[in-house]
Amino acid sequence: MLELVWPGKQLSAAKAVHGDISQPASWNPALAESALRGDFSAESGSAKKTHRLLAADNLDALRWMRSCEQKYDIIYIDPPYNTGSVLTYNDKSSQRGSFSSAAWLDQIYPRMILARELLHETGVLFVSIDDNEACHLMTLLREVFGHENHLGTIKWRRKRKPSFLDKHLSATLEYVLVFAKNSKLCPRLLGSMTEEMTRPVLNASNKAVERVIPAGLPAYCAPGEYAAGEYKNRSLTFTLLDPLIVADGAVLKDARVIGQFRIAQELWAVTGYVTKNLGLRRRIMESERKRRHAEDDGTHWPTNEDAQEELKQIFGERVFDFPKPVGLLREILAMVPQVDTTRPLECLDFYAGSGSFLIASLEQTRADGIERRVDLVQSREKTRSSGTHQFTDIAEICAHRVTVDSRRRGFSPNFSFLQL
Ligand SMILES: C[S@@+](CC[C@H](N)C(=O)[O-])C[C@H]1O[C@@H](n2cnc3c(N)ncnc32)[C@H](O)[C@@H]1O
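Numbering follows the working numbering, in which position 22 of the sequence shown is assigned residue number 1369; successive positions increment by one, without gaps.
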């Protein structure tokens, strides 16, 4: 077996076996309240479907998770790439100068050992990395996980246009290394869904039948009462036998309708909706959508430029330098099927940054109906970017982003904010 050797490797591995950590405390609500201008709720406890943000060094956090016997189906991480950039490691025990490959490996090695321990036997690890440390990381992960558990490497286009400042080769691609805890037990990874999300429910060649537009069905048309009678949408007509009353985005009372329906009442009642311009349509069920085999080509996915745009919409200015786009993380989350349908998929990102992973998980669950519970870990690294914002550390930025962005997108998930 090929082994990666650097001075201090043994010492670094020993950090993974250090004693377990006791229970974290609830994040000081007073501090959070003022830091986040009241747009923040601190909850303690860990109800089953509560997502958690842990403000801590991830080495401590991983040891705490091990002590709770927590296991994950998906671990995604986006560690600092050792580019000599502003992001540093928050690990006081490092003895070396920053930015050497050996110092970087000292940090990553114990965390990879713990990440493997925390995976379910069917679980998968995804690691974002660029050319600076990709070769070292690949060798190290093959050593920690076993060569046979390297499922592949996704190539992702991080920016659309090459930079003219790059001296020799302009770097537009980076990688996501994919490792299974046990490739024999890991389910087949799935590619993106078909684009089709909705379908018409009326079809000119079907016989006209009576259906009920049930109370509670989503309705995106203007609120109000639509009188009984004939309605035309695109080239198809339907006839309301009862008035259709719409309030707060839903149908208020059952209304009978006659139309050339192509689906049964049962399917219509669960997937149907009234469109903005008073048409009748339905959502595609998860089981009807075609999934391709996962591919290692991510060159058409959203880019870093998209990620900065996403953050700008929340903060109005550049508060954080290296976010990943929600779309990239959704593609990754969508790859791992739910093996055990009696519980949510357990997901972890222990280099959380701005918290894009949690937002991606909420969006992906809305799209595929698979329930996910997410843990994020972010250290209290000081913010570097100047501007008018009042955030003093990245954990605060993360807390603010997940709170505000999830509401903005129409989610109301439960969060616990904890610190070690
Ligand atoms: C490249 S960023 C991750 C960006 C994230 N994927 C996003 O979309 O916003 C890496 C993050 O890891 C954090 N970090 C670095 N060392 C850490 C440590 N030892 N424990 C916890 N967080 C750490 C940094 O503060 C930074 O926010």
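The beta-carbon is built from N, C-alpha and C at its ideal position, and this holds for glycine as well.
The Cβ atoms of Leu1723 and Leu1705 lie closer than 7 angstroms to each other. Excluding sequence positions up to five before and after Asp1740, its CB lies within less than 7 angstroms of the CB of Arg1727, Glu1728, Lys1729 and Thr1730, all in the same chain and listed in chain order. It is roughly 46 angstroms from the alpha-carbon of Gln1454 to the alpha-carbon of Arg1630.
Residue pairing by DSSP places Trp1503 opposite Glu1521 and Gly1645 in a beta bridge. Per DSSP, Glu1656 is not a residue of any beta strand (DSSP E); the alpha helix (DSSP H) it occupies stretches across Asn1651 to Phe1662.
At a cut-off of 6 angstroms, the beta-carbon of Phe1669 counts as near ligand 1: some heavy atom of the ligand is closer than that. Distances from the CA of Leu1461 to each of Gly1734, Met1348, Ser1634 and Ile1422 were compared; the closest alpha carbon is that of Ile1422. The beta carbons of Ser1701 and Pro1672 sit no closer together than 7 angstroms. Gly1734 and Glu1468 have their C-alpha atoms spaced approximately 45 angstroms apart. In this structure, Asp1425 has its beta carbon less than 6 angstroms from a heavy atom of ligand 1. In the three-state DSSP reduction, Asn1624 falls in the coil class, being neither helix nor strand.
If one requires a minimum length of 4 residues, the alpha helix (DSSP H) runs lying completely within the region 1677-1738 are 1703-1715, in chain order. Residue environment analysis places Asn1624 among the exposed positions, since fewer than 16 neighbouring C-beta atoms fall within 10 angstroms of its C-beta. Of the residues Arg1690, Lys1659 and Asp1687, the one whose Cα lies closest to the Cα of Ile1744 is Lys1659. Looking from the CA of Val1352, the closest CA among Cys1533, His1483 and Arg1410 belongs to His1483. Counting along the chain, Glu1490 sits inside the alpha helix (DSSP H) bounded by residues Ala1481 to Phe1492. Pairing Leu1676 with Gln1685 gives a Cβ-Cβ distance that is not under 7 angstroms.
Three or more Cβ pairs drawn from the region 1599-1618 and the region 1562-1569 lie within less than 8 angstroms of each other, which places the two stretches in contact. As DSSP reads the structure, Ile1605 sits in a beta bridge with Glu1557 and Thr1586.
Nearest in C-alpha terms to Arg1463, of all of Leu1695, Ala1449, Val1721 and Glu1657, is Leu1695. If you look at Val1751, you'll find it in the alpha helix (DSSP H) that goes Ile1741 to Arg1755.
Counting C-beta pairs with one atom in each stretch, the region 1500-1511 and the region 1533-1553 have fewer than three that are closer than 8 angstroms, which means they do not touch. With 16 or more other Cβ atoms inside 10 Å of its own Cβ, Lys1528 counts as buried.
Rounded to the nearest whole angstrom, the CA to CA distance from Gln1766 to Met1459 is 22 angstroms.
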